[in-house]
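Following: one structure in structure tokens, then a few remarks.
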Amino acid sequence: MLRQSPLRLSQLQASVPWIANKTPAFGCLSNKPNSRTYSTPAKKNGDNEPSLRNPRSLQAIHLKPLKREAQFGIPSCDLQLRSFSLQPLQFFSDFALRAAYFLGLPASGPITLPRITERWTVPRSHFIFKKSQENFERVTLRRMIQIKDGNPETVQLWLAYLRKHQIYGIGMKANMWEFGTTEMSKSLEEVEAKSLESAAPWAHLGQTGSIGESDKAVADILNSRRVKKAADYNYPIHEIS
Amino acid sequence: MSMFRAKKLDLGCFVKARTIRDHTKRKVFEEHEAERQALRYVIRNTTLPPRTRATAQLQLSQMHCYTRPTQIRNRCIMGGQGRGVLRAFKMTRFNFRMEAMAGNLPGVKRASW
Chain Y
1 MLRQSPLRLS QLQASVPWIA NKTPAFGCLS NKPNSRTYST PAKKNGDNEP
51 SLRNPRSLQA IHLKPLKREA QFGIPSCDLQ LRSFSLQPLQ FFSDFALRAA
101 YFLGLPASGP ITLPRITERW TVPRSHFIFK KSQENFERVT LRRMIQIKDG
151 NPETVQLWLA YLRKHQIYGI GMKANMWEFG TTEMSKSLEE VEAKSLESAA
201 PWAHLGQTGS IGESDKAVAD ILNSRRVKKA ADYNYPIHEI S
Chain H
1 MSMFRAKKLD LGCFVKARTI RDHTKRKVFE EHEAERQALR YVIRNTTLPP
51 RTRATAQLQL SQMHCYTRPT QIRNRCIMGG QGRGVLRAFK MTRFNFRMEA
101 MAGNLPGVKR ASW
């Protein structure tokens, strides 16, 4: 009884106008019901026009994020969020789920991945006082959100959107998969063409640079003036076949 | 070596002779890394003529010692110390403790378990 009472009060407060809050909470609930607490907003605003409800999208903010159902269940993107503190992590994973919903992506999660705990033990002062040491630790919390059956372009859009609205203290890591047809020769060509195409939109997402044609680069280095001069060579050391 | 050293100070951390030296070594190594790897490849490739490989060997051994990766030593960014540097924070254990207690390292807390 006692445990339930604060719950009921909070439910009442949501529907009851502000005056109801002034009533002594514990006294009234245990002894007799206060008549004022049960006055509904409809009664109070009876003579006025009925109050407009908030739009559904606004109401949804206070509820769990909506999710779309995957038709085939083929994973297309794994997003991992990392942080040292829980609150921003939960907030941002919630945000990511909502963004995925409104982009029409079926998302699952957030899956709680194992925490990464790093510990360091350091002496408090000079090395001769090794007896007294101190421990420090850093716990990395992780969440994973998986997108299923996502259109690669939409997934990219989603990732870019998350990147744009990134909040402090949150790290992101994403793995993306694309699927092609079963015809090998055709699909390989397509994949190559696609990878070239997708290089441009991905440019701002990663920090990778292209190495170029490594064979040619090595040959160039070997045949460079510096190496030849050092090795006293007059013909190319390394030739590409 | 002075020929490798930058003419203008290009270091943002704690500066002393040893940190500058280490920084120079890092830059020189980076510059010559591809060349070193290429020579190593030539030396190990048994399909190449022995003369080529021997020359490559000579050439590799004649490269400046600053181009070797083993010359690089991690140093503390706060005090330039060369020992007891924590890799994750690039700091000596004592500087790490100071910074951690001041709350300058995100996520690092005193632990007890």
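So the sequences go chain by chain: Y and H.
Each residue of the first sequence is one higher than the last, beginning at 1 in full-length UniProt numbering.
Each residue of the second sequence is one higher than the last, beginning at 1 in full-length UniProt numbering.
Ideal placement from N, C-alpha and C gives every residue a C-beta, glycine not left out.
Status (buried if at least 16 other CB within 10 Å, exposed otherwise) for residue i
{"i": "tryptophan 120(Y)", "result": "buried"}
{"i": "methionine 98(H)", "result": "exposed"}
{"i": "alanine 56(Y)", "result": "First, the residue type needs correcting, since residue 56(Y) is arginine and not alanine in the sequence shown. Its Cβ having fewer than 16 others within 10 Å, arginine 56(Y) is exposed."}
{"i": "lysine 25(H)", "result": "buried"}
{"i": "proline 49(H)", "result": "exposed"}
{"i": "leucine 162(Y)", "result": "buried"}
{"i": "phenylalanine 179(Y)", "result": "exposed"}
{"i": "histidine 62(Y)", "result": "exposed"}
{"i": "leucine 159(Y)", "result": "buried"}
{"i": "glutamine 59(H)", "result": "buried"}
{"i": "glycine 150(Y)", "result": "buried"}
{"i": "phenylalanine 127(Y)", "result": "exposed"}
{"i": "alanine 17(H)", "result": "exposed"}
{"i": "leucine 9(H)", "result": "exposed"}
{"i": "phenylalanine 129(Y)", "result": "exposed"}
{"i": "arginine 36(Y)", "result": "Residue confidence is low: arginine 36(Y) scores 45 on pLDDT, short of 50, so the model does not pin down where it sits. No coordinate-derived value is stated."}
{"i": "leucine 79(Y)", "result": "buried"}
{"i": "leucine 52(Y)", "result": "exposed"}
{"i": "alanine 174(Y)", "result": "buried"}
{"i": "glycine 73(Y)", "result": "exposed"}
{"i": "alanine 100(Y)", "result": "buried"}
{"i": "proline 50(Y)", "result": "exposed"}
{"i": "threonine 70(H)", "result": "exposed"}
{"i": "alanine 38(H)", "result": "buried"}
{"i": "asparagine 21(Y)", "result": "Any reading at asparagine 21(Y) is ruled out, since the residue's pLDDT is 41, under 50, leaving its predicted position unreliable."}
Same chain, Cβ closer than 6 Å to residue i, neighbours up to 5 away in sequence not counted
{"i": "residue 184(H)", "result": "With chain H running from 1 to 113 in the structure shown, residue 184(H) is simply not present."}
{"i": "leucine 105(H)", "result": "Glu99"}
{"i": "histidine 23(H)", "result": "Leu11"}
{"i": "threonine 40(Y)", "result": "The predicted model places threonine 40(Y) with a pLDDT of 46, which falls under 50 and marks its position as unreliable; any figure quoted below should be read in that light. None."}
{"i": "isoleucine 116(Y)", "result": "Thr140"}
{"i": "phenylalanine 89(H)", "result": "Phe96"}
{"i": "proline 110(Y)", "result": "Ser93, Arg143 and Ile145"}
{"i": "arginine 124(Y)", "result": "Ser132 and Glu134"}
{"i": "tryptophan 177(Y)", "result": "Ser76"}
{"i": "phenylalanine 157(Y)", "result": "The question names phenylalanine, yet the displayed sequence has leucine at residue 157(Y). The answer is none, since no qualifying residue turns up."}
Supposed close pair residue i, residue j - CB separation, criterion 8 Å
{"i": "glutamine 71(Y)", "j": "alanine 107(Y)", "result": "That belief does not hold up - the Cβ atoms of glutamine 71(Y) and alanine 107(Y) are roughly 14 Å apart, past 8 Å."}
{"i": "glutamate 118(Y)", "j": "arginine 138(Y)", "result": "5 Å"}
{"i": "alanine 100(H)", "j": "valine 108(H)", "result": "5 Å"}
{"i": "alanine 56(H)", "j": "isoleucine 43(H)", "result": "5 Å"}
{"i": "proline 152(Y)", "j": "serine 76(Y)", "result": "7 Å"}
{"i": "threonine 140(Y)", "j": "glycine 104(Y)", "result": "No, threonine 140(Y) and glycine 104(Y) are not in contact; Cβ-Cβ is about 31 Å, not under 8 Å."}
{"i": "lysine 67(Y)", "j": "leucine 113(Y)", "result": "19 Å between Cβ atoms; not a contact."}
{"i": "arginine 87(H)", "j": "asparagine 74(H)", "result": "7 Å"}
{"i": "methionine 63(H)", "j": "histidine 32(H)", "result": "7 Å"}
Beta-carbon proximity list for residue i, same chain, < 8 Å, skipping 5 on both sides
{"i": "valine 122(Y)", "result": "Gln133, Glu134 and Phe136"}
{"i": "residue 259(Y)", "result": "Residue 259(Y) falls outside the range modelled here, since chain Y spans only 1 to 241, and no answer is possible."}
{"i": "glycine 12(H)", "result": "none"}
{"i": "phenylalanine 14(H)", "result": "Cys76, Ile77, Met78, Gly79 and Gly80"}
{"i": "threonine 52(H)", "result": "Val42"}
{"i": "arginine 83(H)", "result": "Thr92"}
{"i": "tyrosine 168(Y)", "result": "Pro88"}
Identity of the residues DSSP links to residue i by a beta bridge
{"i": "threonine 24(H)", "result": "Answer is none; threonine 24(H) lacks a bridge partner."}
{"i": "threonine 92(H)", "result": "Val85(H)"}
{"i": "arginine 110(H)", "result": "Phe136(Y)"}
Cβ neighbours of residue i in the same chain (closer than 7 Å, five flanking residues each side left out)
{"i": "methionine 91(H)", "result": "Cys76, Ile77, Met78, Val85 and Glu99"}
{"i": "aspartate 94(Y)", "result": "Pro65"}
{"i": "glutamate 190(Y)", "result": "Gly180"}
{"i": "threonine 19(H)", "result": "Leu11, Cys13, Arg75 and Gly80"}
{"i": "lysine 148(Y)", "result": "Ala70, Gly73, Ile74, Pro75, Ser76, Pro106 and Ser108"}
Neighbour flag for residue i against chain C, beta carbons, 9 Å
{"i": "glycine 180(Y)", "result": "This model lacks chain C altogether, as its protein chains are Y and H."}
Uninterrupted alpha helix (DSSP H) stretches inside the UniProt domain "Small ribosomal subunit protein uS10" (78-175) of chain Y (no shorter than 4 residues): 86-102 and 152-164
Complete alpha helix (DSSP H) runs within the region 42-80 of chain H (minimum length 4 residues, chain order): 50-62
Length-filtered (4 minimum) alpha helix (DSSP H) runs lying within the region 44-70 of chain Y: 56-59
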